[in-house]
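Asker: In the working numbering, the protein residues as written are 7 to 93. The structure's right below; bear with me while I get my questions together.
Quick look at the structure:
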């Protein structure tokens, strides 16, 4: 739920893509963010087990922000690779 997490994720993407540039064919920033957001924060089925609609939308916003911040970094550090999100 902390927005700062999105910025730290972009830092992580920067570090990983600098270290592994040229060795990765395709980068996936997130795997099924709907599951992370809704099942973790909306209905409480997955960790952290919260059931709050506001939290679910906040988590999804921050997940998508993290993706949006990471893709330009990945593109700059490893331009030949594919980049995306697993839906």
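Quick reminder that beta carbons are idealized off the backbone N, C-alpha and C, glycines included.
Could you check whether residue 89 and residue 101 sit closer than 9 Å to each other, using their CB atoms as the reference points?
Answerer: With the chain covering 7 to 93 only, the question about residue 101 has no answer from this structure.
Asker: Can you find at least 3 beta carbon pairs, one from the region 49–61 and one from the region 16–36, that sit closer than 8 Å?
Answerer: Touching, no.
Asker: Going along the chain, which residues of its own chain have a beta-carbon closer than 6 Å to the beta-carbon of residue 23, five neighbours each way excluded?
Answerer: By one-based count along the chain shown, residue 23 stands at place 17. If we look at residue 23 and ignore the five residues flanking it on each side, its Cβ neighbours are 80, 83 and 84.
Asker: Under a three-way DSSP split, which group does residue 56 fall into?
Answerer: Working through the chain shown from its first residue, we reach residue 56 at position 50. Coil at residue 56, not helix or strand.
Asker: Tell me which same chain residues have a C-beta within less than 6 Å of the C-beta of residue 72, skipping the five on either side of it?
Answerer: Taking the chain shown and counting its residues from 1, one reaches residue 72 at position 66. If we look at residue 72 and ignore the five residues flanking it on each side, its Cβ neighbours are 12 and 15.
Asker: Report the partner residues of residue 90 according to the DSSP bridge assignment.
Answerer: Sequence index remark: in the chain shown, residue 90 carries index 84 (1-based). In DSSP, residue 90 forms a bridge with 34.
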